[in-house]
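Below: the structure, in structure tokens.
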Amino acid sequence: VPAEVSYADIAGSPKAFSSKEEIGGGLLSYLTTADALLQVVRAFEDGKIPHPEGSVDPKRDIATLDLELAFSDLAIIERKLGRLEATLKGAKAPERGLLEKEQLLLQKIKTALEKDMPIREQGLAKDELKILSNYQFLTAKPMLVVPNIGEEQIPQAAQLEAEIRSLYPQFAVVALCGKLEMELGQLSNAEAEEFREAMGLTTPAIDWVINLSYRLLGLISFFTTASAELKAWTIPRGITAPKAAGKVHSDMERGFIRAEVISYSDLERCGNLAEARKRGLLKMEGKNYVVQDGDVITFLFNV
Numbered sequence: 001v002p003a004e005v006s007y008a009d010i011a012g013s014p015k016a017f018s019s020k021e022e023i024g025g026g027l028l029s030y031l032t033t034a035d036a037l038l039q040v041v042r043a044f045e046d047g048k049i050p051h052p053e054g055s056v057d058p059k060r061d062i063a064t065l066d067l068e069l070a071f072s073d074l075a076i077i078e079r080k081l082g083r084l085e086a087t088l089k090g091a092k093a094p095e096r097g098l099l100e101k102e103q104l105l106l107q108k109i110k111t112a113l114e115k116d117m118p119i120r121e122q123g124l125a126k127d128e129l130k131i132l133s134n135y136q137f138l139t140a141k142p143m144l145v146v147p148n149i150g151e152e153q154i155p156q157a158a159q160l161e162a163e164i165r166s167l168y169p170q171f172a173v174v175a176l177c178g179k180l181e182m183e184l185g186q187l188s189n190a191e192a193e194e195f196r197e198a199m200g201l202t203t204p205a206i207d208w209v210i211n212l213s214y215r216l217l218g219l220i221s222f223f224t225t226a227s228a229e230l231k232a233w234t235i236p237r238g239i240t241a242p243k244a245a246g247k248v249h250s251d252m253e254r255g256f257i258r259a260e261v262i263s264y265s266d267l268e269r270c271g272n273l274a275e276a277r278k279r280g281l282l283k284m285e286g287k288n289y290v291v292q293d294g295d296v297i298t299f300l301f302n303v
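All residue numbers for the sequence shown refer to the UniProt record's numbering, where the first residue is 1 and numbers rise by one.
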């Protein structure tokens, strides 16, 4: 049973974006609830499909959206600063101190945003990010950029990715040919794999997108066994075994004793847990064990 990553597909940037208006309404609601943002930008040329801006320029389109995300954040900050100013007039300690700290932080990130520096690039401390967490600022969210290229551009895909990364070091970037991937999706797995090999494409584009999404969000997967199937669970990187057990069931975390762990690659080589146990590949780990990507875990607990 695989883990899931959910992607919400929303409409492309409206023309209002070009007139320096903030993102609002339903679009803002969608974006603020996301853990990360994925921007598909057109990089392919096709005279039959005109670009809204009159020309194809993926770097321009990335910059335009990033600017509009900043406008949205600035509008939220300005409204909040106005409310804070009014609240501070009647506030008393210790509430006043907390409000003043929030006010100073908002003024700081506002100044940086006005200098074209997104929140994600401002190097904020953990305690500052905690204060901002309820705001769901758009320029604070991780960004994955996917240039949609033509088949003839596939050999230059890595170069385009590198150029975008040089401009936006904190973005994850992967180029793909949407038209080709759609056509491959109509073929059998064997036919699609053969075609990819002929094109020099070793991995399906969707796999790259999912892997980068996980990496961008700091997520990993571990597996549990139930009967003859493996079930994948998604957790933040750095989680200890008891917390991972709680992802499966709260009783497992509460009554955690130890975890029996083997890597997926070792289990695959052995074929089953019984053989892995014979070979001594299963390890007993305690409460301080940090779960690794691809771990297959049997939790021992008592409640």
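Every residue, glycine too, gets a C-beta built ideally from N, C-alpha and C.
Determine the extent of the alpha helix (DSSP H) in which V56 is found, giving its start and end residues.
Where V56 is concerned, there is no enclosing alpha helix (DSSP H), given that its DSSP letter is neither H nor E.
Nearest to L217 by CA position, among F137, G255, P236 and I257, is which residue?
From the listed residues F137, G255, P236 and I257, the smallest Cα separation to L217 is found for P236.
Counting beta carbon pairs with one atom in the stretch 248 to 268 and one in the stretch 198 to 211, are three or more of them shorter than 8 Å?
As far as the Cβ criterion goes, the stretch 198 to 211 does not touch the stretch 248 to 268, which means the pair count is below three.
Complete alpha helix (DSSP H) runs within the stretch 153 to 177 (minimum length 4 residues, chain order):
Complete alpha helix (DSSP H) runs here, min 4: 157 to 167.
Do N189 and V41 have their C-beta atoms closer together than 8 Å?
With contacts defined as CB atoms closer than 8 Å, N189 and V41 fail to qualify as a contacting pair.
Are any of the Cβ atoms in chain D nearer than 8 Å to that of W208?
As a matter of chain content, chain D is missing from the structure shown, which is built from one protein chain.
Per DSSP, cross-strand counterpart(s) of F44
None, per the DSSP bridge assignment.
Mark T224 as exposed unless 16 or more other C-beta atoms lie within 10 angstroms of its C-beta, in which case mark it buried.
T224 counts as buried, since no fewer than 16 other beta carbons sit within 10 angstroms of its beta carbon.
Could you pull the DSSP bridge partners for Q39 from this structure?
According to DSSP, which records beta bridges pairwise, Q39 is partnered with V145.
Tell me the DSSP secondary structure of P236 in three-state form.
In the structure shown, P236 falls within a strand segment according to DSSP collapsed to helix, strand and coil.
Check this for me: beta carbons of E285 and V261, under 8 Å apart or not?
Using a Cβ distance threshold of 8 Å, E285 and V261 count as a contacting pair.
Can you tell which of A63, A91 and L37 has the C-alpha that lies nearest to the C-alpha of M117?
Shortest Cα-Cα distance from M117 to any of A63, A91 and L37 involves A63.
Jot down the residue ranges of each uninterrupted alpha helix (DSSP H) in the stretch 103 to 147, minimum 4 residues, whole runs only, in chain order.
Fully enclosed alpha helix (DSSP H) runs of 4 or longer: 126 to 132.
Start-to-end residues for the beta strand (DSSP E) that takes in K89:
Counting along the chain, K89 falls outside any beta strand (DSSP E), and DSSP gives it neither H nor E.
Inter-residue spacing [alpha-carbon to alpha-carbon] between R60 and D46:
Each residue's alpha carbon lies about 18 Å from the other.
Comparing C-alpha positions only, which one of D73, E151 and V146 sits nearest to A162?
Comparing alpha carbon positions, the residue from D73, E151 and V146 closest to A162 is V146.
Whole-angstrom Cβ separation of Q186 and F44, contact assumed at under 8 Å?
Incorrect: roughly 19 Å between the Cβ atoms, too far for contact.
Tell me, to the nearest whole angstrom, how far the beta carbon of L106 is from that of L81; I am working on the premise that it is less than 8 Å.
Right, their Cβ atoms sit about 6 Å apart.
How should Q39 be labelled, buried or exposed, when 16 other C-beta atoms within 10 angstroms of its C-beta is the threshold for buried?
Buried, by the Cβ-count rule.
Which first and last residues belong to the beta strand (DSSP E) in which L217 is found?
For L217, no beta strand (DSSP E) segment is defined; the enclosing uninterrupted segment is the alpha helix (DSSP H) at A205 to L217.
Distance between L113 and L74 (C-alpha atoms, nearest Å)
Separation of L74 and L113 (C-alpha to C-alpha, rounded to the nearest whole angstrom) is 7 Å.
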